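**Q** Take any residue in the sequence shown, count from 1 to its spot, add 112: that is its number in the working numbering. Could you have a look at this structure, given as structure tokens, before my questions?
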Amino acid sequence: MLSQPVAELDHIPVLGPAVVAGLQVRPAGRYLDCTVGLGGHAALILAAAPQVRLVGVDQDPQALAQAAERLHPWADQVTLWPGNFQDFDPGDQPFDGIVADLGVSSPQLDRPERGFSFRLEGPLDMRMNPRGELTAATVVNNWSEVDLVRIFSEYGEERFSRRIARALVAGRPFATTTAVAETIRQAVPSSCRRGPIHPATRVFQAIRIAVNGELSALEMLLRRAPDWLRPAGRLGVISFHSLEDRRVKHGFVADTRLRVITRKPLVADVEEVATNPRARSAKLRIAERLEPDPLPGLE
Ligand SMILES: C[S@@+](CC[C@H](N)C(=O)[O-])C[C@H]1O[C@@H](n2cnc3c(N)ncnc32)[C@H](O)[C@@H]1O
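Right, here's the structure in full:
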């Protein structure tokens, strides 16, 4: 048994009922959770109908161990697949529904040793997959100033990319998350140091996206996942910032294999946000797999 904090076992998945309703979970259906994490959405899907089978993917072995524990009551209906969802091999049986709840999980953020948090002192890591080659330390200490400006602007939409990149290059080498966060705080204008949002928020997001190749993995998933669905099967994606949501929105609309179900993204209501602050920026979009086009000449 893993010893994990009670809060993690009690974890409430973001937009859980909307995911189950959106996927139209049905008895004996086959579902893929691309980001099984703590098993929160997976447990709801398994509980929603009898004899559901589920494949749960995660690139973080700690997450998979927690998912296995959470999903123990359905152990013989669940298969866990370690790895990046962009490399997932679906085999030859289509899925009735696929869900992806993007980004990092609460335990990844809350455990200082994972290096995701600018509030908790930890090593500059930020890898969801601990076998990944690129770490936050390499990005912060070795990447050129030009490349830092580029990722802070593109992946963090950070206004002060240039001055932050300059300060980080001047302050090298860095060993801890909090040292980087403090340098960023000093680099922004003093008027931006106060306020509810820490000045390092966007830069940490940018470094994390770069370390984990998050946007290219999402683009690959959007290209591949429709082919893993049976006709009328549903794909639901929960995103947490505009860079992801834009890709999901445009990916769904432009894909001739899909029909968009959610014209506007589904978002959490005030009660959900009050109990689960992570839900505040969540957006769920759902699309449905169309029948494949008939072969030319057979119409
Ligand atoms: C937000 S959490 C998912 C939480 C989960 N839906 C639940 O209810 O417990 C995201 C999880 O997806 C994993 N993840 C993110 N990107 C991934 C990728 N490209 N491939 C595989 N796993 C990924 C992370 O390691 C993390 O465990």
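Idealized CB from N, CA, C, for every residue including glycine. None of the values given here were measured: they were computed from a predicted structure.
Closest by CA to Q205, which one among S303, L144 and V261?
**A** L144
**Q** Are the segment 247-263 and the segment 321-329 in contact at 8 Å, needing three or more beta carbon pairs?
**A** yes
**Q** Tell whether a beta-carbon distance below 8 Å holds between V131 and L156.
**A** yes
**Q** Between the segment 292-302 and the segment 209-217, are three or more C-beta pairs nearer than 8 Å?
**A** no
**Q** Does the beta-carbon of D381 have 16 or more other beta-carbons within 10 angstroms, so that it is buried, or is it exposed?
**A** exposed
**Q** So F207 and V169 are in contact, right, with Cβ under 8 Å, and what is the actual spacing, rounded?
**A** Incorrect: roughly 12 Å between the Cβ atoms, too far for contact.
**Q** In chain order, what residues of the same chain have a beta carbon less than 6 Å from the beta carbon of A318, not counting five sequence neighbours either side?
**A** I263, F264, Y267 and G268
**Q** Does DSSP classify P308 as helix, strand or coil?
**A** coil
**Q** Pull up the distance between the alpha-carbon of L114 and that of A179, whole angstroms please.
**A** Bear in mind that a pLDDT of 41 at L114, under 50, signals an unreliable position, so the model cannot answer this.
**Q** Looking at C-alpha atoms only, which residue of G152, V379 and V315 is the closest neighbour of L183?
**A** G152
**Q** Name the two residues that bound the continuous beta strand (DSSP E) containing G168.
**A** R165 to D170
**Q** Confirm, please, whether the CB-CB distance from L232 to P224 is below 8 Å.
**A** Cβ atoms of P224 and L232: closer than 8 Å.
**Q** G141 and R346: beta carbons closer than 8 Å?
**A** no
**Q** Name the DSSP beta bridge partners of R359, please?
**A** Bridge partners of R359: none, in fact.
**Q** Going by alpha carbons, who is nearest to A312 out of G363, E403, D201 and V292?
**A** V292
**Q** Starting from the N-terminal side, write out each stretch of the beta strand (DSSP E) that is 3 residues or longer and does not extend beyond the segment 361-404.
**A** 370-372 and 395-401
**Q** Once DSSP output is grouped into helix, strand and coil, what is the label at V349?
**A** DSSP places V349 in strand when its eight states are reduced to three.
**Q** Helix, strand or coil for P129 per DSSP?
**A** helix
**Q** Are the CB atoms of L341 and R359 nearer to each other than 8 Å?
**A** no
**Q** Count Cβ pairs between the segment 279-292 and the segment 359-375 that sit closer than 8 Å; are there 3 or more?
**A** Under the 8 Å Cβ criterion, the segment 279-292 does not count as touching the segment 359-375, having fewer than three qualifying pairs.
**Q** Can you give me the Cβ contacts of V349 inside the same chain, cut-off strictly under 6 Å, excluding the 5 residues immediately before and after it?
**A** A212, V360 and R397
**Q** Please go through the same chain and pick out, in chain order, the residues whose beta-carbon is closer than 6 Å to the beta-carbon of R275, but skip the five residues on each side of it.
**A** A299, listed in sequence order.
**Q** Does V216 come out as helix, strand or coil in the three-state DSSP assignment?
**A** coil
**Q** What are the residues that DSSP puts in a beta bridge with Q209?
**A** First, the residue type needs correcting, since residue 209 is Gly and not Gln in the sequence shown. G209 pairs with Y143 and R346.
**Q** Determine the DSSP secondary structure at G255, reduced to helix, strand or coil.
**A** The identity of residue 255 in the sequence shown is Trp, whereas the question assumes Gly. In this structure, W255 counts as coil in the three-state DSSP scheme.
**Q** Quick one: Cα of Q116 to Cα of I124, how far?
**A** Because Q116 carries a pLDDT of 49, less than 50, the predicted location of this residue cannot be relied on, and the following value inherits that uncertainty. Cα to Cα, Q116 sits roughly 15 Å from I124.
**Q** Quick check: does the Cβ of A282 come within less than 7 Å of any heavy atom belonging to ligand 1?
**A** no
**Q** Is it buried or exposed for L176, if we count other Cβ within 10 angstroms and need 16 for buried?
**A** By the neighbour-count rule (16 or more Cβ atoms within 10 Å), L176 is buried.
**Q** First and last residue of the alpha helix (DSSP H) that includes T290?
**A** T289 to A299
**Q** Taking 7 Å as the line, does the beta carbon of D123 fall inside it for any heavy atom of ligand 1?
**A** In the sequence as displayed, the identity of residue 123 is His instead of Asp. Yes; taking the cut-off as 7 Å, the Cβ of H123 has a heavy atom of ligand 1 nearer than that.
**Q** Tell me whether A159 is buried or exposed, calling it buried when 16 or more other Cβ atoms sit within 10 Å of its Cβ.
**A** exposed
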